[in-house]
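Trainee: I'd like to ask you about the structure that follows.
In our numbering, the protein residues as written are -8 to 257.
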């Protein structure tokens, strides 16, 4: 009987274990809610803010658009290699990384260091809402996480009620003007465009982001350009050019603001 009890004790997860599956299908398991969270992407920081866990942040990805409440939170540079020694000094019990935005060598090192990592790589707006719920659970705020997911989804529904129906205007989403860079059909921004009554002219390309030659761009019938560089020179002329706000480029809860701003221009 004693052997059976010992077997159960070592094979049954400890009471209070928290388990979620991240955007790469990896299980993230914590023995207790995360108290020291480090983010490696601005959208990940914004998710933590949305679930009301900003007091748990020990460091955040370097960025200039955070609210004043984070002024005293240390920044960590994610553009080059991570300062691994500094990261270890912060003693995080949860790191939120950007699977395609952080260096693969750094992500591998985090895994080898034994630090729990939630890989953020949303492929849809539903994935963003789901991540808010999951991060709420990891931070010990499940109800707040669920509420943040609801607020995000409801905000999207209300952002442009006048643009969600009717003719879909053919749209070029410009990430970069020279060389031309845009989004394909696998990018979550396609859902944002559809909510604004717009259709990505390159939705048939089975990629997320790619560069193209000017001839391919000139061959398309385009009515709208969405860009963060409206004054840039490009080989096509269109009826409407709308400015993409910074919030529109981050797969986090502030996408609602970006969509609202886009629709206000139309």
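Backbone N, C-alpha and C define an ideal beta-carbon position, used for all residues, glycine too.
Just to confirm my understanding: we take residue 253, look at its own chain, exclude 5 residues before and 5 after, and list those with CB closer than 8 Å. What are they?
Mentor: Contacts found: 151, 183, 187, 217, 233, 235, 236 and 239.
Trainee: Taking one C-beta from the stretch 20 to 39 and one from the stretch 105 to 123 each time, how about it: are there three or more such pairs within less than 8 Å?
Mentor: Judged by Cβ distances under 8 Å, the stretch 20 to 39 makes contact with the stretch 105 to 123, as three or more pairs qualify.
Trainee: List the endpoints of the continuous beta strand (DSSP E) containing residue 231.
Mentor: Start and end: 231 to 234.
Trainee: Can you find the residues in the same chain that come closer than 8 Å, C-beta to C-beta, to residue 58, ignoring five residues on each side of it along the sequence?
Mentor: Taken in chain order, the residues that qualify are 40.
Trainee: Any heavy atom of the ligand SAM closer than 7 Å to the Cβ of residue 244?
Mentor: The ligand SAM is not among the ligands present in this structure, which contains no ligands whatsoever.
Trainee: Within the same chain, show all residues whose beta-carbon is closer than 7 Å to that of residue 124, passing over the 5 residues directly before and after it, in chain order.
Mentor: Hits under 7 Å: 136, 137 and 140.
Trainee: Using the C-alpha atoms, what's the distance from residue 178 back to residue 42?
Mentor: Cα to Cα, the separation comes out at about 25 Å.
Trainee: Between the C-alpha atoms of residue 21 and residue 219, what's the straight-line distance to the nearest angstrom?
Mentor: Looking at the two C-alpha atoms, the distance is approximately 39 Å.
Trainee: Where does residue 246 fall in DSSP's three states?
Mentor: If DSSP states are grouped into helix, strand and coil, residue 246 belongs with the helices.
Trainee: Quick one: grab the DSSP three-state call for residue 145.
Mentor: Three-state DSSP puts residue 145 in a helix.
Trainee: Please name the residue in 112, 211, 224 and 148 whose C-alpha comes closest to that of residue 243.
Mentor: It is 112 whose Cα lies nearest to the Cα of residue 243.
Trainee: According to the neighbour-count rule (16 or more other Cβ atoms, all chains shown, within 10 Å of its Cβ), is residue 143 buried or exposed?
Mentor: So residue 143 counts as buried.
Trainee: Kindly list the residues whose CB is nearer than 6 Å to the CB of residue 73, restricted to its own chain and excluding five residues on each side of it in sequence; keep chain order.
Mentor: Same-chain partners within the cutoff: 97.
Trainee: Mind checking whether residue 49 and residue 81 have CB atoms under 8 Å apart?
Mentor: In contact: residue 49 and residue 81 (Cβ atoms closer than 8 Å).
Trainee: Alpha carbon to alpha carbon, how far is residue 89 from residue 29?
Mentor: Using only the alpha carbons, I get a separation of about 12 Å.
Trainee: Tell whether a beta-carbon distance below 8 Å holds between residue 162 and residue 86.
Mentor: No; because the gap between Cβ atoms is not below 8 Å, this pair is not in contact.
Trainee: Looking at C-alpha atoms only, which residue of 225, 102 and 251 is the closest neighbour of residue 145?
Mentor: Checked all of 225, 102 and 251; the closest Cα to residue 145 is 251.
Trainee: Using C-beta distances below 7 Å, list every residue in its chain close to residue 189, excluding the 5 sequence neighbours before and after it, in chain order.
Mentor: Contacts found: 159, 160, 162 and 215.
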